[in-house]
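Residue numbers (this note's numbering), protein chains in the order written: chain A, 37 to 531; chain B, 1023 to 1466.
1. What does residue 1447 of chain B pair with, by DSSP beta-bridge criteria?
2. Count Cβ pairs between the stretch 1353 to 1371 of chain B and the stretch 1305 to 1321 of chain B that sit closer than 8 Å; are there 3 or more?
3. Examine chain B for any beta-carbon lying closer than 9 Å to the beta-carbon of residue 295 of chain A, and answer yes or no.
4. Using only alpha-carbon positions, find the residue among A:449, A:483, A:321 and A:488 that is nearest to residue 475 of chain A.
5. State the DSSP-derived secondary structure class of residue 1322 of chain B, mapped to helix, strand or coil.
6. With 16 as the cutoff for other CB atoms within 10 Å, does residue 1335 of chain B come out buried or exposed?
7. Residue 331 of chain A to residue 61 of chain A, Cα distance in whole Å?
8. State buried or exposed for residue 1169 of chain B, treating a residue as buried only when at least 16 other CB atoms are found within 10 Å of its CB.
9. Would you decide whether residue 1411 of chain B is buried or exposed? Buried here means 16 or more other CB atoms lie within 10 Å of its CB.
10. Report the option in A:176, A:209 and A:192 whose CA atom is closest to the CA atom of residue 1176 of chain B.
11. What are the boundary residues of the alpha helix (DSSP H) that residue 422 of chain A is part of?
12. Straight-line CA distance for residue 406 of chain A to residue 162 of chain A?
13. Let's see if you can read the secondary structure: which residues bound the beta strand (DSSP E) around residue 344 of chain A?
14. Looking only at DSSP bridge pairs, what is residue 1188 of chain B linked to?
15. Rounded to whole angstroms, how far is the Cβ of residue 1028 of chain B from the Cβ of residue 1076 of chain B, which I believe are closer than 8 Å?
16. Using a Cβ cut-off of 7 Å, pull out every chain B residue sitting near residue 490 of chain A, in sequence order please.
17. Distance, Cα to Cα, residue 520 of chain A vs residue 510 of chain A?
18. Applying the 10 Å Cβ sphere with the 16-neighbour rule, what's the burial state of residue 46 of chain A?
19. What residue range does the alpha helix (DSSP H) around residue 1436 of chain B cover?
20. Assess, as a yes-or-no matter, whether the stretch 1295 to 1304 of chain B is touched by the stretch 1257 to 1276 of chain B under the definition of 3 or more beta carbon pairs within less than 8 Å.
21. Counting pairs of Cβ atoms below 8 Å between the stretch 310 to 325 of chain A and the stretch 226 to 234 of chain A, do you hit three or more?
22. For residue 1155 of chain B, does the count of other Cβ atoms within 10 angstroms reach 16, so buried, or fall short, so exposed?
23. 9 Å is my cut-off, CB to CB: does residue 1360 of chain B come that close to chain A?
24. Take residue 1173 of chain B and list the residues in its own chain whose beta-carbon comes closer than 7 Å to its own, dropping the five residues that flank it on each side.
25. Around the Cβ of residue 107 of chain A, are there at least 16 other Cβ atoms within 10 angstroms (buried) or fewer (exposed)?
26. Is any beta-carbon of chain A found at less than 9 Å from that of residue 1264 of chain B?
27. Under a CB-based cut-off of 9 Å, is residue 175 of chain A close to chain B?
28. Would you say residue 1351 of chain B and residue 1402 of chain B are within 9 Å of each other, going by their C-beta atoms?
29. Should residue 240 of chain A be flagged as near chain B, meaning a C-beta pair shorter than 9 Å?
30. Give a yes or no on whether 9 Å exceeds the smallest Cβ distance from residue 286 of chain A to chain B.
31. Who are the near neighbours of residue 153 of chain A in its chain, counting only those whose CB is closer than 6 Å to its CB and skipping five residues on each side?
32. Identify the continuous alpha helix (DSSP H) that holds residue 1241 of chain B and give its terminal residues.
33. For my contact list, residue 1381 of chain B and residue 1275 of chain B are in at a C-beta cut-off of 8 Å; report their separation, rounded to the angstrom.
34. Anything in chain A within Cβ reach of residue 1210 of chain B, meaning under 9 Å, just list it in chain order.
35. I need the boundaries of the beta strand (DSSP E) containing residue 1422 of chain B, first residue and last residue.
36. Between residue 453 of chain A and chain B, is there a C-beta pair that is closer than 9 Å?
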């Protein structure tokens, strides 16, 4: 559904556009309907809103000048990277502009001896590893979209990937940012050195889904490639056994670099698409990658195989070389696109459970699938309990999408009931804000709102996302919880 | 003086047996000689919440207190009405061994927490000082304390995945979750790491854990020059050896440590201590590679393991507190890895110029230097200010971790907070509008 904006007058828009052109230049301001269409949504394509304009700034200064203009005119703004987000974090706001960081795509500093890389937000994730690979280093967070998604977007969403069990997610690899606050001020937090005095603002900004400001520079930590890497897959008749193997492996004191599970749907789809060598008749496969010093990998491999056999693995296949290892991973990484072969449409869910509950949750998802009469394919980062159930549906069939969303919502409820989370890496954004209250009560959400208000009193920066209900900020100088004059007059409500 | 009615009110919340107000006993809860009026040891979260409601209503300042091992960190408090001790929040709530997570109340000591986790062969991958002096989990979070093993595992921000906090107004909230991967809402646990009790009282924390490594060895080698020692560091860091801890110890410190640990080393040299934990074979293989690499730079050393190794690292972590019983001056400098030698040289020069003695353990792979100094007060002040000026000039920071008030009067404790200070102050204001929590000690 596309919503048309209405209230701003044409003459105001003309004036505002001229101001933006003064700041960035005519080629940096997109205002024609044809071109704006591309910015109506991110990878969550079910929701679309056309922004008034899209701007493409070239520097922090330009971002700041644009934001000052928005702040002055009370115009909401939404930051955007490559638009690969799956929760609608870059969905435009009605009557707002989109600030695309795609032109700020320079790697500013590669400092191998100090293990740091400083980049602009529009730099694509994989470029970082490419820039340091010849020196034996890499940038660890590797979301599936890493060949297109940008570091700025990764920072906003605190993106994960298939290796975060051992190496952590984006927040564990970002040491500092330069950012433009929602009033236009440019600040620097953290940096190439560690342990800056003051609160950990870097830690707050990473994963804040673009609600606290716009990041214009990011300092990343790079790490040394491991001496040895071994990848295997094991096939099982029952996915529950694959699930139980996962906690069995960590219980033996082994933390693999990654552990991924795919169910029979995925295996067949993937085999038809890329031919990764998975057995097509298996109920599930578990992919395990060990890395580290050669002696460590060699010592842990037999432990892993033992656990797999204990859990009735049929076939265990260890990749014999780098080429085969890549093929194993290619299968996993193409699981989403391969679904297109099985179903015309699918909805990707993202929930987290304690990994010890994998087997029982998979059973419950199967029950839900039966209840709704919709197929659910399971592919997930099993090591950290991050599920990605894919609900398969047919958009041409009346009511199918509604059922899909309802089923996906029930899966989240199961995750929370097991002590988990409604999102492990895709973010809350627009899509999941109504589910945030499953995890957090009013006091918890209040605390989050106090953070947002410290950064953005006017609520102009990516508004309408993350929080289940719109929340206002108390004005500076006024005590929180003191009644606002509008409240006293019965004209407004404080959330 | 607190009004009698307020004292009665506080007594009725925690019970008289959990309140202290006679001066002799209050002495051990003083911060920079500021004495609280009353020390309360509530039994549960609800009681802390009730205390904060009273404090908030009566505008009473509150100092959260674990075991007080880091009470010398921060500026002198503006006021101190109530100390809230977390000593009765001493329950470990949950250890999900197969999920490698555990939840505990904040007053639990790290020592007790680790001993429970160790039963399942797991641990919280944190090796801060003061563990023997009963440092609590809550205090360690509030001060973001850590040790040499941060090279391998990182700092608390990497492990603290969930927490529960009582805010200044008495409301209780939780942040994060009990699963290792979670991006729902803002990452509030990170905000509380190192917030020094200024944003609320941490009452519960959930951590991700690691399996205890099977085996450990440490190679200790002295080098004839600092340059050689640092060359070895850079070679080690650029290799694929997975090092757990890597410290450069200055000659003053290694002579102290050598004596205490029967190390039989040439003790007037810059010395590297390289700790490796892994499966036994991986440790042996890697230590042998480490030795070869050090040999190439002229390093002469020995391998230690077992009890001797444990005691050695215990000494490294706690050296300022083992060296000096009172009037300790400890600071932490953070710079780029490649700039550590410059800092060490600057310290050496300043020590000579100002006639002070300096002991340093530098986390060589993180760019962190723990520096403890001894000398005339005025000389120490001058040295610290000069050192900070130098460290700032190369883009680093210097924080006073512990010092008597007379030093703090001449050296800023925190230094420059940078351009984020405005936001930090707004966060503090939003969470604690009346500035009741640890007023003046940190962000105000």
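All C-beta atoms, glycine included, are put in the ideal place defined by N, C-alpha and C.
In terms of the structure at hand:
1. Position 425 of the second chain holds residue 1447 of chain B. Beta-bridge pairing links residue 1447 of chain B to no other residue.
2. no
3. As a working note, residue 295 of chain A is residue 259 in the first chain. Not one chain B Cβ lies under 9 Å of residue 295 of chain A.
4. Counting from one through the first chain, the residue named residue 475 of chain A turns up at place 439. Among A:449, A:483, A:321 and A:488, the Cα nearest to that of residue 475 of chain A belongs to A:449.
5. Walking along the second chain from the start, residue 1322 of chain B turns up at place 300. Three-state result, residue 1322 of chain B: strand.
6. Taking the second chain and counting its residues from 1, the one referred to as residue 1335 of chain B is at position 313. Label assigned to residue 1335 of chain B: buried.
7. Residue mapping note: residue 331 of chain A aligns to position 295 of the first chain, counting from 1. Residue mapping note: residue 61 of chain A aligns to position 25 of the first chain, counting from 1. Going from the Cα of residue 331 of chain A to the Cα of residue 61 of chain A covers about 58 Å.
8. Here residue 1169 of chain B corresponds to residue number 147 of the second chain, with the count starting at 1. Its Cβ being crowded by 16 or more others within 10 Å, residue 1169 of chain B is buried.
9. As a first step, residue 1411 of chain B must be located in the second chain, where it is residue number 389. Classification of residue 1411 of chain B: exposed, given that the 10 Å Cβ count is below 16.
10. Residue mapping note: residue 1176 of chain B aligns to position 154 of the second chain, counting from 1. Residue 1176 of chain B has its Cα closest to that of A:209, out of A:176, A:209 and A:192.
11. Against the first chain, residue 422 of chain A aligns to sequence position 386. No alpha helix (DSSP H) holds residue 422 of chain A; the beta strand (DSSP E) holding it covers 422 to 429.
12. Numbered from its first residue, the first chain carries residue 406 of chain A at position 370. Numbered from its first residue, the first chain carries residue 162 of chain A at position 126. Whole-angstrom Cα-Cα distance: 40 Å.
13. In the first chain, residue 344 of chain A corresponds to position 308, counting from 1. It is not in any beta strand (DSSP E) - residue 344 of chain A instead sits in the alpha helix (DSSP H) that spans 330 to 346.
14. Along the second chain, one-based indexing puts residue 1188 of chain B at 166. Answer is B:1194 and B:1223, bridged to residue 1188 of chain B.
15. In the second chain, residue 1028 of chain B corresponds to position 6, counting from 1. In the second chain, residue 1076 of chain B corresponds to position 54, counting from 1. Going by Cβ atoms, the distance from residue 1028 of chain B to residue 1076 of chain B rounds to 7 Å, so yes, they are a contact pair.
16. Translated into the one-based positions of the first chain, residue 490 of chain A becomes position 454. Here the neighbours are 1445, 1448, 1449 and 1452.
17. For the purposes of this step, residue 520 of chain A is taken as residue 484 along the first chain, with counting starting at 1. For the purposes of this step, residue 510 of chain A is taken as residue 474 along the first chain, with counting starting at 1. With a pLDDT of only 47 at residue 520 of chain A, under the threshold of 50, the placement of this residue in the model should not be trusted; the figure read from the coordinates follows. The alpha-carbon atoms of residue 520 of chain A and residue 510 of chain A are separated by roughly 8 Å.
18. Residue mapping note: residue 46 of chain A aligns to position 10 of the first chain, counting from 1. Exposed is the call here.
19. On the second chain, position 414 is the one that residue 1436 of chain B refers to. Here residue 1436 of chain B belongs to no alpha helix (DSSP H), and DSSP marks it neither H nor E.
20. yes
21. no
22. The sequence position of residue 1155 of chain B within the second chain is 133, counting from 1. It counts as exposed.
23. Here the question's residue 1360 of chain B lines up with position 338 in the second chain. Closer than 9 Å: yes.
24. By 1-based counting over the second chain, the position of residue 1173 of chain B is 151. The residues are 1265, 1266, 1267, 1268, 1385, 1387 and 1388.
25. On the first chain, position 71 is the one that residue 107 of chain A refers to. When all chains shown are included, residue 107 of chain A counts as buried.
26. Translated into positions along the second chain, residue 1264 of chain B becomes position 242. For residue 1264 of chain B, the answer is yes, since a Cβ of chain A falls inside 9 Å of its Cβ.
27. Residue numbering aside, residue 175 of chain A sits at position 139 when the first chain is read from its first letter. Not an interface residue.
28. Counted from its first residue, the second chain places residue 1351 of chain B at position 329. Counted from its first residue, the second chain places residue 1402 of chain B at position 380. Yes, they are a contact pair.
29. Along the first chain, one-based indexing puts residue 240 of chain A at 204. Taking Cβ atoms only, chain B reaches closer than 9 Å to residue 240 of chain A, which makes this a yes.
30. Residue 286 of chain A sits at position 250 when you count from the first residue of the first chain. With 9 Å as the cut-off, residue 286 of chain A counts as an interface residue toward chain B.
31. Residue 153 of chain A sits at position 117 when you count from the first residue of the first chain. Closer than 6 Å at Cβ, skipping near neighbours: 146, 164, 256 and 258.
32. What you label residue 1241 of chain B is simply residue 219 of the second chain in a count that begins at 1. From DSSP, residue 1241 of chain B is part of no alpha helix (DSSP H) but of the beta strand (DSSP E) over 1237 to 1245.
33. Position 359 of the second chain, counted from the first residue, corresponds to residue 1381 of chain B. Position 253 of the second chain, counted from the first residue, corresponds to residue 1275 of chain B. The Cβ separation is near 4 Å, so the contact holds.
34. Counting from 1 along the second chain, the entry for residue 1210 of chain B is found at position 188. Neighbours of residue 1210 of chain B on chain A, chain order: 240, 480, 483, 484 and 487.
35. The residue you call residue 1422 of chain B lines up with position 400 of the second chain. From DSSP, the beta strand (DSSP E) with residue 1422 of chain B extends over 1419 to 1424.
36. Here residue 453 of chain A corresponds to residue number 417 of the first chain, with the count starting at 1. No, residue 453 of chain A lies away from the interface with chain B (no Cβ there is under 9 Å from its Cβ).
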